[in-house]
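Protein chains: 2
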Amino acid sequence: MAVDRERVLRDAAGLLMRKSGATMDEVARAAGISRATLNRQFAGRDALVRALEELGLTECESAVEKADIDDGRAADAVRRLVRELEPAAGLLAFLYSENQLFEGDGQNEGWARLDARMVALFRRGQEAGEFRIDLSPVWLSEALYGLLVSAAWTIYEGRVASRDFTSNITELLLGGAVRRTE
Amino acid sequence: MAVDRERVLRDAAGLLMRKSGATMDEVARAAGISRATLNRQFAGRDALVRALEELGLTECESAVEKADIDDGRAADAVRRLVRELEPAAGLLAFLYSENQLFEGDGQNEGWARLDARMVALFRRGQEAGEFRIDLSPVWLSEALYGLLVSAAWTIYEGRVASRDFTSNITELLLGGAVRRTE
DNA sequence: CCCATTTGAGACACTCGTGTCTCTCCTCTA
DNA sequence: TAGAGGAGAGACACGAGTGTCTCAAATGGG
Chain E
1 MAVDRERVLR DAAGLLMRKS GATMDEVARA AGISRATLNR QFAGRDALVR ALEELGLTEC
61 ESAVEKADID DGRAADAVRR LVRELEPAAG LLAFLYSENQ LFEGDGQNEG WARLDARMVA
121 LFRRGQEAGE FRIDLSPVWL SEALYGLLVS AAWTIYEGRV ASRDFTSNIT ELLLGGAVRR
181 TE
Chain S
1 MAVDRERVLR DAAGLLMRKS GATMDEVARA AGISRATLNR QFAGRDALVR ALEELGLTEC
61 ESAVEKADID DGRAADAVRR LVRELEPAAG LLAFLYSENQ LFEGDGQNEG WARLDARMVA
121 LFRRGQEAGE FRIDLSPVWL SEALYGLLVS AAWTIYEGRV ASRDFTSNIT ELLLGGAVRR
181 TE
C-alpha cells in the first residue's frame with residue numbers, strides 16, 4: 001500500500017510539536033511506518049523539516065485565503081483568520097521553535113509574504129480607526145503568532161479546552177484582559 | 001582567573017535563545033572560554049540546561065517579588081511584573097522551546113509555583129472586577145508567557161524597538177488591539 | 001620571585017543518530 | 001496463480017557531538 005505522504009507529515013508534526021528533538025526513528029514510529037520508509041519519502045531529517053515548513057506555509061496561506069482578510073471589518077477578519085488557523089497551530093508551534101529556519105540564506109521567502117499580509121491586515125484596521133495606533137502592525141502580527149503557539153501548547157497540556165481556542169486568542173488579542181467599562 | 005559562572009550562563013542563554021541546538025563548543029566560544037572549562041563548570045549539556053532553567057526560575061521569582069504583584073490594582077501589578085521580567089525574557093524564550101523540560105518526572109516544580117502566583121494575580125484582577133471573567137486566569141498567564149517570548153524574539157530580530165518591550169506586552173495583554181471608545 | 005591553581009588547546013574513545021543497503025514478506029494486479 | 005512493486009526489519013559504516021584526559025601556558029597569591 002502506498003504511504004500517505006501528507007498523513008506522515010501530520011503525524012510527524014504532532015510528535016515534533018511536543019518533542020522537537022525527536023529521533024527519525026521516533027518520527028517514523030509516530031507515523032506508523034518504518035524508518036526505512038520514512039527515509040524513502042523524505043531524504044533525511046532536513047528534507048522532512050523543509051516539507052513540514054512547506055506544509056505549514058501552505059496551510060497558513062490557505063487559511064488567509066479562506067478567511068478573506070481583506071474584506072469587512074478588520075476585527076472580524078482577524079476572528080475568521082484565527083479560526084482558519086486553528087488546525088495549523090500545532091505545526092506552527094513546531095516551526096516557531098525551529099529558529100534555524102529563519103536565519104541563513106536558504107530562508108523561505110514565503111514567510112515574508114505571509115507576514116506582509118498579516119501586517120497589512122492590522123494596518124488596515126488601524127487606518128479604518130478600528131485598532132489603536134500605538135501598537136505597531138508588526139508587533140500585532142508577531143503577537144498573534146505567539147498567542148497561536150501558546151494556545152496550541154496550553155490545549156495540548158490540557159490546561160484549557162480546545163473549543164476555546166479561537167475565542168481565547170481573538171478576545172485577548174482584540175479586547176485585552178481589562179474589563180470594558182463602556 | 002576564576003570563571004564567572006553566572007556570566008557564562010548569561011552568554012550561553014544569549015546564544016541558545018537564537019540557536020537552541022548550539023554545540024557545546026559554540027556555547028563555550030560564545031562565553032569566551034574553552035570547551036574544557038565549560039565542562040568543568042557544568043558537567044555536560046544537561047547540567048548546563050538545568051542550570052539555565054534554575055537561573056530563569058530564580059530571575060522570574062525575583063521579578064515576581066520585586067513587582068509586589070499582590071499589591072495595588074492588578075493591572076498595575078501586571079505592568080510592574082512585565083517590566084521586571086524583561087531582562088529574563090531571552091532566557092525565557094530559550095526555556096520555552098526546551099519543551100523536554102516540562103515533561104517527565106524530573107520536572108522542576110518551581111515552574112508550578114511560579115505559575116500559581118501568576119494565575120493568582122489574574123484571578124485577583126477578576127475578583128476585583130478589573131479583568132473580564134470570560135478569559136481564564138490560566139490562559140491569561142500562559143498568554144503572558146507567549147507574549148514575553150514573542151516580544152523577546154521580535155526585538156532580537158530588530159522588528160520592534162527594545163524600549164517598547166513592556167508597553168507592547170502590557171498594552172496588548174491588558175487593553176487589546178481594538179481602540180477604546182470610552 | 002616562586003609555587004599553586006586554573007585555563008586553553010588538542011587528542012582520544014565513545015555514543016547516538018543518520019543514511020544506506022539488503023533481504024524478506026506482504027499486497028495488489030494482470 | 002505468478003510476478004511486480006512497495007514496505008518492514010535489521011545490519012552496517014559514517015559523522016557529529018560529547019565527555020575525558022594530558023600537558024603546556026598563564027594567572028594570581030604568598
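Chains E and S, in that order, give the protein sequences.
Under full-length UniProt numbering, the residues of the first sequence are numbered 1 to 182, in order.
Under full-length UniProt numbering, the residues of the second sequence are numbered 1 to 182, in order.
Yeah, the Cβ is synthetic: ideal placement off N, Cα and C, and Gly gets one too.
Just so you know, these numbers come straight off a predicted model, no measurement behind them.
Under the rule that 16 or more other beta-carbon atoms within 10 Å means buried, what is residue 155 of chain E, buried or exposed? As a first step, residue 155 of chain E is located in the first sequence; it is residue number 155 there, counting from the start. Buried.
Where residue 154 of chain S meets chain E, residues with beta-carbon distance less than 7 Å: Within the second sequence, the letter at position 154 stands for residue 154 of chain S. Under the 7 Å cutoff, chain E gives 139, 142.
For a contact meaning CB atoms closer than 9 Å, what does residue 108 of chain S contact in chain E? Position 108 of the second sequence, counted from the first residue, corresponds to residue 108 of chain S. What residue 108 of chain S touches in chain E: nothing, since even the nearest Cβ is about 16 Å away.
Would DSSP call residue 3 of chain S helix, strand or coil? Numbered from 1 along the second sequence, position 3 holds the residue referred to as residue 3 of chain S. It is coil, neither helix nor strand.
If you drop the 5 nearest sequence neighbours on each side, which residues of the same chain put their C-beta closer than 6 Å to that of residue 57 of chain E? Walking along the first sequence from the start, residue 57 of chain E turns up at place 57. The residues are 110.
Cut-off 7 Å between Cβ atoms - residues of its own chain near residue 151 of chain S, not counting five sequence neighbours on either side: In the second sequence, the residue the question calls residue 151 of chain S occupies position 151. Only 89, 165, 168, 169 meet the Cβ criterion.
With a CB to CB cut of under 6 Å and the five nearest residues on each side skipped, what residues in its chain are close to residue 30 of chain S? The residue you call residue 30 of chain S lines up with position 30 of the second sequence. Answer for residue 30 of chain S: 11, 15, listed in chain order.
In whole angstroms, what separates the C-alpha of residue 118 of chain E from that of residue 92 of chain E? Taking the first residue of the first sequence as 1, we reach residue 118 of chain E at position 118. Taking the first residue of the first sequence as 1, we reach residue 92 of chain E at position 92. Cα to Cα, the separation comes out at about 15 Å.
Residues in its own chain within less than 8 Å of residue 7 of chain S by CB, not counting five upstream and five downstream? Sequence index remark: in the second sequence, residue 7 of chain S carries index 7 (1-based). Excluding sequence neighbours, residue 7 of chain S sits near 31.
Cross-chain neighbours of residue 132 of chain S in chain E, by beta carbon under 9 Å: On the second sequence, residue 132 of chain S is found 132 positions in, with the first residue counted as 1. Under the 9 Å cutoff, chain E gives 171, 175, 176, 177, 178, 179, 180.
Of all the residues that make up the segment 27 to 51 of chain E, which are near chain S by a beta-carbon distance shorter than 9 Å? none
According to DSSP, residues forming a beta bridge with residue 131 of chain S: The residue you call residue 131 of chain S lines up with position 131 of the second sequence. Looking at the DSSP assignment, residue 131 of chain S forms a beta bridge with E:178.
Between the Cα of residue 69 of chain S and the Cα atoms of S:87, S:114, S:142, which residue gives the shortest distance? Translated into positions along the second sequence, residue 69 of chain S becomes position 69. Residue 69 of chain S has its Cα closest to that of S:114, out of S:87, S:114, S:142.
With DSSP as the reference, label residue 159 of chain S as helix, strand or coil. For this step, residue 159 of chain S is matched to residue 159 along the second sequence. Looking at residue 159 of chain S - three-state DSSP - the assignment turns out to be coil, as it is neither helix nor strand.
Nearest residue (CA-CA) to residue 75 of chain E, options E:97, E:122, E:60, E:146: The residue labelled residue 75 of chain E in the question sits at position 75 within the first sequence. Ranking E:97, E:122, E:60, E:146 by Cα distance to residue 75 of chain E puts E:122 first.
Going by C-alpha distance, which of S:18, S:5, S:55, S:49 is nearest residue 158 of chain S? Sequence index remark: in the second sequence, residue 158 of chain S carries index 158 (1-based). Answer by Cα proximity: S:18.
What ranges does the alpha helix (DSSP H) occupy inside the segment 28 to 82 of chain S, keeping only unbroken runs of at least 4 residues that lie completely in it? 35 to 41, 45 to 67
For the alpha helix (DSSP H) containing residue 165 of chain E, list its first residue and its last residue. By one-based count along the first sequence, residue 165 of chain E stands at place 165. Element bounds for residue 165 of chain E: 165 to 170.
To the nearest angstrom, how far is it from the Cα of residue 160 of chain S to the Cα of residue 148 of chain E? Within the second sequence, residue 160 of chain S is the residue found at index 160, counting from 1. Within the first sequence, residue 148 of chain E is the residue found at index 148, counting from 1. In a straight line, the C-alpha of residue 160 of chain S is about 20 Å away from that of residue 148 of chain E.
Taking only the alpha-carbon atoms, compute the straight-line gap between residue 9 of chain E and residue 36 of chain E and give it to the nearest angstrom. The residue labelled residue 9 of chain E in the question sits at position 9 within the first sequence. The residue labelled residue 36 of chain E in the question sits at position 36 within the first sequence. Cα to Cα, residue 9 of chain E sits roughly 15 Å from residue 36 of chain E.
For residue 22 of chain S, does the three-state DSSP call read helix, strand or coil? Looking up residue 22 of chain S in the second sequence gives position 22. Reduced to three states, the DSSP call for residue 22 of chain S is coil.
Give the residues from the segment 69 to 91 of chain E that approach chain S closer than 7 Å (Cβ to any Cβ), ordered along the chain. 75
Starting from residue 92 of chain E, follow the alpha helix (DSSP H) in both directions and report where the run begins and ends. Numbered from 1 along the first sequence, position 92 holds the residue referred to as residue 92 of chain E. It spans 89 to 97 - the alpha helix (DSSP H) in which residue 92 of chain E sits, taken as one unbroken run.
Anyone know if the C-beta pair for residue 85 of chain E and residue 52 of chain E falls short of 9 Å? By 1-based counting over the first sequence, the position of residue 85 of chain E is 85. By 1-based counting over the first sequence, the position of residue 52 of chain E is 52. No, these two residues do not count as a Cβ contact at 9 Å.
Please classify residue 126 of chain E as buried or exposed, where buried requires at least 16 neighbouring CB atoms within 10 angstroms. Stepping through the first sequence from its first residue, residue 126 of chain E is reached at position 126. Per the 10 Å Cβ criterion, buried.
CB contact flag (residue 214 of chain E, residue 143 of chain S, <9 Å): The question about residue 214 of chain E has no answer, for chain E in this structure spans 1 to 182.
DSSP three-state call for residue 84 of chain S: helix, strand or coil? Here the question's residue 84 of chain S lines up with position 84 in the second sequence. Helix at residue 84 of chain S.
Could you tell me whether any Cβ in chain E is nearer than 9 Å to the Cβ of residue 117 of chain S? For the purposes of this step, residue 117 of chain S is taken as the residue at position 117 of the second sequence. It does not: the Cβ of residue 117 of chain S has no partner Cβ on chain E nearer than 9 Å.
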